[in-house]
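Below you'll find the structure, written out as structure tokens, and then a few comments.
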Amino acid sequence: MTRAKSVYETAVAILRLIRPTNSLMMGLAVIIGEIAVLGSIPSLFEMALGFSVSFFLTASSMAMNDYVDLEIDRVNQPGRPLPSGAISKASALAISALTGAIGIMSAFPFRESAVFLAVLTFVASALYNLYGKKTGIWGNLVVSYCVAVPFLYGGIVVLGAFNVTSVTFFLLAFLANTGREVTKGIADMEGDRLRGIRTVALVWGEKTAALVSALFYLTAVAITPLPYVFGQLGMSYVLLVVPVDVGFSYSSYRIIKESGRASALRVKTQVRYWMILALMAFLAGGLLR
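Residue numbers (the working numbering): 26 to 314.
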């Protein structure tokens, strides 16, 4: 009974380490990218392996994050698997390597470009965890790439190449998330100052950070018509993406008008909703073309 309990506790600790909710969401993002680009439901094979690539690469990144942040978590989050002793550092590193390998191998049945993108994402994530956390905007860009790349990957899985729709969705997610990271830097200035993180807000000030984040949001708005202009998505997509553009434009106005911490917290939350709406617009636009 004790052995069974120990196995159960270890399994729970591993699940907590790899953040299954985050990994699941990133896996589903690939499937959404597949559907939006294809305009129909992909094969089970394409969905399963595309999901696996993103799920396991995200799991690898989460485990590596906790491995790198162990000393910080001993103070801030002692209940996490590593600082609590539920999992050793060596085990966390092994889990990161194993899940990363599974993610990359899941890309092998697809074209070389799919394998290359999987390897690139694994390397980018590892470099961020090891060296990029305190680099400010450069770290923001890497995080945003990792958030956005599943949508681009979905297009590669079903088409074997990029197209305007997949690239637009990737860029929209990349730009919006980068803007959100910069906005978050305004909200977290005190904590980031103590941790030595060189955010835009700390290096150049709140006002500049607000302008930079708004620029990213508005650039995302500017590219949303591209799938319609190039004839890949129809009027249904246009109608669905208009509220997204209005939302990003409104958040840009708010953060420029009032660039303090309270405003940044509100805008950071708003942008998450606009990104979800954008996801729905691309998904529905692909199916209703």
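Beta carbons: idealized from backbone N, C-alpha and C, even for Gly.
- In this structure, DSSP gives Thr-124 a helical state, which the three-state scheme calls helix.
- Non-local beta-carbon contacts of Val-144 in its own chain, meaning distances under 7 Å to residues more than five positions away in sequence, involve Ile-129 in chain order.
- Burial state of Trp-163 is exposed, judged by a 10 Å Cβ sphere holding fewer than 16 other Cβ atoms.
- Here Arg-205 is buried. Its C-beta has 16 or more other C-beta atoms within 10 Å.
- In this structure, DSSP gives Glu-283 a state outside helix and strand, which the three-state scheme calls coil.
- For Lys-158, the secondary structure class from DSSP, reduced to helix, strand or coil, is coil.
- The beta carbons of Ala-239 and Ile-280 sit closer together than 7 Å.
- Between Gly-259 and Ile-60, the gap from beta carbon to beta carbon reaches 7 Å or more.
- In the structure shown, Leu-82 adopts helical secondary structure according to DSSP, grouped into three states.
- Counting only residues of its own chain and dropping the five nearest sequence neighbours on each side, Ala-111 has a CB closer than 6 Å to the CB of Ala-38.
- Per the Cβ contact rule, the stretch 279 to 298 is in contact with the stretch 208 to 220 (3 or more Cβ pairs under 8 Å).
- Between Ala-234 and Ala-247, the C-beta gap is not smaller than 7 Å, which leaves the two residues out of contact.
- Distances from the CA of Asp-270 to each of Ala-287, Gly-52, Phe-307, Ile-66 were compared; the closest alpha carbon is that of Phe-307.
- Between Asn-165 and Thr-203, the C-beta spacing is below 7 Å.
- The beta carbon of Glu-71 is closer than 8 Å to those of Glu-59, Val-182, Val-183 in its chain, skipping five residues each way along the sequence.
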